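Protein chains in written order, with our numbering: chain G, 430 to 695; chain Y, -19 to 316; chain V, 44 to 304. Glycine included, C-beta positions come from ideal geometry on N, C-alpha and C. Since this is a predicted model, take the numbers as computed values, not measurements. Notes for the one structure printed next.
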Ligand SMILES: Nc1ncnc2c1ncn2[C@@H]1O[C@H](COP(=O)(O)OP(=O)(O)OP(=O)(O)O)[C@@H](O)[C@H]1O
Ligand SMILES: [Mg+2]
């Protein structure tokens, strides 16, 4: 495809845009540190005198929290809100006649944003947190490799869900409620706030059938080495599965959306 | 008593420029380059009650910025402003009750609700009594012919329909002073005419003072006796429109349309001793001669040219306002 | 009086618009409920693995959460300004606001209100009653009055912080995601602040005083006498932060640059 140059350019532009918003950059670092700090102490209090909960000790939990937030910096993006806005302002109709795939462009913009945060935000942030809190990093090179593969899938699955919520605007007109709801659900069910293994068994079973654990729980468990051996391959398999399955509703919705656009005339 | 009194008004914008490339963007994280742009540069302006003033200038000359300072939206960097006897920014809430504002580029109405709901809301906001509203707005609605639009939401209106509603909305409290920033942008001839008629009408009836910016000089010709010409933030002309015409060119314009392509130097040779400026027209083989001098000089030039080069058409006329303004934009006022 | 009548005029308008897009309204109320449930679930799951949090029981933590929801609901109903920078500064809607004869902040508050968020008051009260009865708390004659004052104080603190953040947009031309992230920090005031280290505790008490929209005022109802002083500081902090915010806002309006062309 001759289009890959276009997509690469999209990543680069978004990367530069992120650099331009420097207030964002500084405040982002501050806020993420406060978040991780607060959760660290909260978990300290929860552990209290207990050695371990659900097979994780306090140090692992701290690492889990730190990594979950830093990974979030990579996979998180606002393209659902951007899509909703562009649909409401009628810009999507224009995008449809451009020689590239609109959803592809949006994904690439998200990736540019994510790469920016990973390099300028998560990496230095991790160093700071490593100095401030007792965090254990794996010395196993393979764990790091699996972790990076895993957060790539996190990005894909999270972005796919964002595309779906964003496109729902075609049918809902006003969509703030859904977008807000999605965000809350992801924070809770993805394992950002709580490892999935902490939930009651019946809840864990339900969550197994949902795509959200592929976003945060799996990479964080890999990083903290709470998953080992074949568990890792299984977990990556689940992520791959969801990344593939979610393509179906996206395509379906896109086709319907295009039809909708033709009917309404933009 | 002047409605608008402006002395040495200035507005500066600090604009950041970003360095190019990735390394540049990275450096921008720590230190940034900026420039100070003087959008409005020490202008002074006095407008009397009941005047209609056209405020013109190229894109980016600083017209909108001036209007935003006069309406209290922006704080001036320096200078003294007194509008309707008040400092717009200091007593904003009291002040804006005495003015009406329309920005052609941007809607002032609520997007989702019907036009009349917007009107009703504004009526409350401006504390207009029922009687005053009925009497005044009934007429406005009739003149602008927006009665049938009142129950439609703004987002379903066409540009021209919306613009008429915007104008009506700005007049709900019947303000003695009206600021219009490009009120006719993108409108068809009929709507433009309607709006011009309407503005004349309220100016006549209520002595409403109007300051209006536009890029359509026909608006100015139809409405304003006085024009203020702005260039790069400075006022370069402030006076009667017909005076501008007189000052700028005494002479005439001759439009030639030749049968064959003609070279500029051939035409210049034909000018003889007369003071003639040749300019290529928009159509092919069209040339325009600006000539200073009496009718004698005009007819001499015409006969000399026609003898040498066969023509398909020729016209003689006074330089149009548009022509004058364009010349000023291109060359400045120096020829004046 | 003028402002009251304006308020009702806008509110009526608002209801009309909202009822036109009923589907979104329903989804929005549901997502609010979901949001309220999520935090409750977090508490329940955590207490599935421990019995006390630094000497505070599950019901006490739930009570604090219930209290928090009430001022928070009022805040979200009226101070829906998280996209202020985008909407009013970048897109230049502030131009319109500034040509109207009502205080600019008040105009934005009333044109952006989301009355359906007030459902949160009911959820919050219900949670408080549930936890309170489990704890065997008595209700005194003065409790409703104190509650009202604490709730108003808490809502004002939230309003003050977010108005201050919005005001930054008048000076800085770059967009920030500060506001959405600040919502997260608000959560930490709901836990007994003595679990945190001194820095975070200080921040949550004096700099971003979210602890006054959670644990401090609740301490009064839970009979934690050692924190009564903080509890009664709630309305004071609320007024203080709102005043600071409004002063900053008024200063900021003078720096408004208009939408860059
Ligand atoms: N918010 C702003 N920030 C930075 N620069 C600005 C801002 N607003 C205007 N400018 C600059 O000030 C100058 C004057 O702009 P202004 O909008 O007043 O021009 P104008 O005469 O109204 O032009 P037009 O005919 O295009 O509407 C321009 O160079 C513009 O780039
Ligand atoms: Mg302009």
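Test: residue 91 of chain V CB closer than 9 Å to a CB of chain G: Position 48 of the third chain, counted from the first residue, corresponds to residue 91 of chain V. For residue 91 of chain V, a Cβ of chain G is located within less than 9 Å of the residue's own Cβ.
Straight-line gap, residue 44 of chain V to residue 101 of chain Y (C-alpha atoms, nearest Å): Residue mapping note: residue 44 of chain V aligns to position 1 of the third chain, counting from 1. Residue mapping note: residue 101 of chain Y aligns to position 121 of the second chain, counting from 1. One alpha carbon belongs to residue 44 of chain V, the other to residue 101 of chain Y, and they sit about 16 Å apart.
Amino acids of chain V, ordered along the chain, whose beta-carbon sits closer than 8 Å to that of residue 493 of chain G: Walking along the first chain from the start, residue 493 of chain G turns up at place 64. Per Cβ cutoff of 8 Å: no residues; residue 493 of chain G is ~14 Å from chain V at best.
Residue 300 of chain V: CB within 8 Å of a non-hydrogen atom of ligand 1: As a first step, residue 300 of chain V is located in the third chain; it is residue number 257 there, counting from the start. Checking the Cβ of residue 300 of chain V against ligand 1 gives yes.
CB contact check: residue 601 of chain G to chain V, cutoff 9 Å: In the first chain, counting from the first residue as 1, residue 601 of chain G sits at position 172. At least one beta carbon of chain V lies nearer than 9 Å to the beta carbon of residue 601 of chain G.
Beta-carbon spacing of residue -17 of chain Y, residue 38 of chain Y below 9 Å: Taking the first residue of the second chain as 1, we reach residue -17 of chain Y at position 3. Taking the first residue of the second chain as 1, we reach residue 38 of chain Y at position 58. Cβ atoms of residue -17 of chain Y and residue 38 of chain Y: not closer than 9 Å.
Cβ-heavy atom distance, residue 195 of chain Y to ligand 1, below 8 Å: Within the second chain, numbered from 1, the residue matching residue 195 of chain Y stands at position 215. Yes, the beta carbon of residue 195 of chain Y sits closer than 8 Å to at least one heavy atom of ligand 1.
Distance between residue 91 of chain Y and residue -15 of chain Y (C-alpha atoms, nearest Å): As a working note, residue -15 of chain Y is residue 5 in the second chain. As a working note, residue 91 of chain Y is residue 111 in the second chain. Taken atom to atom, the span from the alpha-carbon of residue -15 of chain Y to that of residue 91 of chain Y is near 35 Å.
CB contact check: residue 296 of chain V to chain G, cutoff 9 Å: Walking along the third chain from the start, residue 296 of chain V turns up at place 253. With 9 Å as the cut-off, residue 296 of chain V does not count as an interface residue toward chain G.
Close Cβ partners of residue 607 of chain G (< 7 Å) along its chain, the five nearest in sequence each way excluded: Along the first chain, one-based indexing puts residue 607 of chain G at 178. Once the five neighbours on either side are set aside, the close Cβ partners of residue 607 of chain G are 594, 597, 601.
Pick from G:541, G:503, G:584, G:603 that is closest to residue 442 of chain G, judged by C-alpha positions: Start at 1 with the first residue of the first chain, and residue 442 of chain G comes out as number 13. With respect to the C-alpha of residue 442 of chain G, the residue from G:541, G:503, G:584, G:603 having the closest C-alpha is G:541.
Closer than 9 Å to chain G by CB, residue 74 of chain V: Mapped onto the third chain, residue 74 of chain V falls at position 31. Interface residue, yes.
Same chain, Cβ closer than 7 Å to residue 125 of chain V, five either side skipped, listed in chain order: By one-based count along the third chain, residue 125 of chain V stands at place 82. Cβ within range, chain order: 222, 223.
Heavy atom of ligand 1 within 8 Å of residue 44 of chain Y beta-carbon: Residue 44 of chain Y sits at position 64 when you count from the first residue of the second chain. Look at residue 44 of chain Y: its beta carbon is less than 8 Å from one of the heavy atoms in ligand 1.
Interface flag, residue 85 of chain V vs chain Y, CB-CB below 9 Å: Here residue 85 of chain V refers to the residue found at position 42 of the third chain. Using a CB distance cut-off of 9 Å, residue 85 of chain V does not count as an interface residue toward chain Y.
Three-pair Cβ contact test at 8 Å for the segment 571 to 579 of chain G versus the segment 650 to 669 of chain G: Three or more Cβ pairs drawn from the segment 571 to 579 of chain G and the segment 650 to 669 of chain G lie within less than 8 Å of each other, which places the two stretches in contact.
For residue 119 of chain Y, three-class secondary structure by DSSP: Residue mapping note: residue 119 of chain Y aligns to position 139 of the second chain, counting from 1. Under the three-state reduction of DSSP output, residue 119 of chain Y falls in the helix class.
Cβ-heavy atom distance, residue 222 of chain Y to ligand 2, below 8 Å: Start at 1 with the first residue of the second chain, and residue 222 of chain Y comes out as number 242. False, no ligand heavy atom lies under 8 Å from that Cβ.
Segment limits, alpha helix (DSSP H) that includes residue 539 of chain G: The residue labelled residue 539 of chain G in the question sits at position 110 within the first chain. Counting along the chain, residue 539 of chain G sits inside the alpha helix (DSSP H) bounded by residues 531 to 546.
For residue 81 of chain Y, the residue or residues it bridges with in DSSP: Locating residue 81 of chain Y in the second chain gives position 101, counting from the first residue. Beta-bridge pairing links residue 81 of chain Y to Y:159.
Reference residue 252 of chain Y, options Y:65, Y:271, Y:265, closest by Cα: Numbered from 1 along the second chain, position 272 holds the residue referred to as residue 252 of chain Y. Comparing Cα-Cα distances from residue 252 of chain Y to each of Y:65, Y:271, Y:265, the minimum goes to Y:271.
9 Å Cβ cutoff, residue 215 of chain V in contact with chain G: By 1-based counting over the third chain, the position of residue 215 of chain V is 172. Chain G places a beta carbon closer than 9 Å to that of residue 215 of chain V, counting this residue as a contact.
Short CB-CB distance (under 9 Å) between residue 255 of chain Y and chain G: Taking the second chain and counting its residues from 1, the one referred to as residue 255 of chain Y is at position 275. For residue 255 of chain Y, the answer is no, since every Cβ of chain G falls outside 9 Å of its Cβ.
Residue-chain proximity (residue 2 of chain Y, chain G), Cβ-Cβ < 9 Å: The residue labelled residue 2 of chain Y in the question sits at position 22 within the second chain. Judged by the 9 Å Cβ criterion, residue 2 of chain Y is in contact with chain G.
Cβ of residue 62 of chain V within 9 Å of any chain G Cβ: Looking up residue 62 of chain V in the third chain gives position 19. No, residue 62 of chain V lies away from the interface with chain G (no Cβ there is under 9 Å from its Cβ).
C-beta neighbour in chain Y for residue 138 of chain V, strict 9 Å: Within the third chain, numbered from 1, the residue matching residue 138 of chain V stands at position 95. Cβ-Cβ to chain Y under 9 Å: yes for residue 138 of chain V.
Minimum Cβ-Cβ distance from residue 627 of chain G to chain V less than 9 Å: Position 198 of the first chain, counting from 1, holds the residue named residue 627 of chain G. Interface residue, yes.
Candidates Y:256, Y:77, Y:122: closest to residue 64 of chain Y by CA position: Stepping through the second chain from its first residue, residue 64 of chain Y is reached at position 84. Among Y:256, Y:77, Y:122, the Cα nearest to that of residue 64 of chain Y is on Y:77.
Check: residue 212 of chain Y C-beta below 8 Å from any heavy atom of ligand 2: The residue given as residue 212 of chain Y occupies position 232 in the second chain. Not a single heavy atom of ligand 2 lies less than 8 Å from the C-beta of residue 212 of chain Y.
Under 9 Å by beta carbon: chain Y residues contacting residue 212 of chain V: If you number the third chain from 1, residue 212 of chain V lands on position 169. Those do not exist, as residue 212 of chain V stays about 15 Å from chain Y at its closest Cβ, beyond 9 Å.
Within-9 Å CB hit, residue 141 of chain V to chain Y: Taking the first residue of the third chain as position 1, residue 141 of chain V is located at position 98. The beta carbon of residue 141 of chain V falls within 9 Å of a beta carbon belonging to chain Y, placing the residue at that interface.
contact_flag[the segment 260 to 275 of chain V, the segment 170 to 190 of chain V] where n(CB pairs < 8 Å) is 3 or more: Flag = yes, the segment 260 to 275 of chain V and the segment 170 to 190 of chain V touch.
Backbone CA spacing between residue 146 of chain V and residue 91 of chain V [nearest angstrom]: Taking the third chain and counting its residues from 1, one reaches residue 146 of chain V at position 103. Taking the third chain and counting its residues from 1, one reaches residue 91 of chain V at position 48. About 50 Å.
Any non-hydrogen atom of ligand 2 closer than 8 Å to residue 85 of chain Y Cβ: Translated into the one-based positions of the second chain, residue 85 of chain Y becomes position 105. Residue 85 of chain Y has its Cβ nearer than 8 Å to a heavy atom of ligand 2.
Any chain V beta carbon closer than 9 Å to residue 152 of chain Y: On the second chain, position 172 is the one that residue 152 of chain Y refers to. At a cut-off of 9 Å, the C-beta of residue 152 of chain Y has no neighbouring C-beta in chain V.
Nearest candidate by alpha-carbon position, reference residue 252 of chain V, set V:65, V:290, V:156, V:196: Residue numbering aside, residue 252 of chain V sits at position 209 when the third chain is read from its first letter. Comparing Cα-Cα distances from residue 252 of chain V to each of V:65, V:290, V:156, V:196, the minimum goes to V:196.
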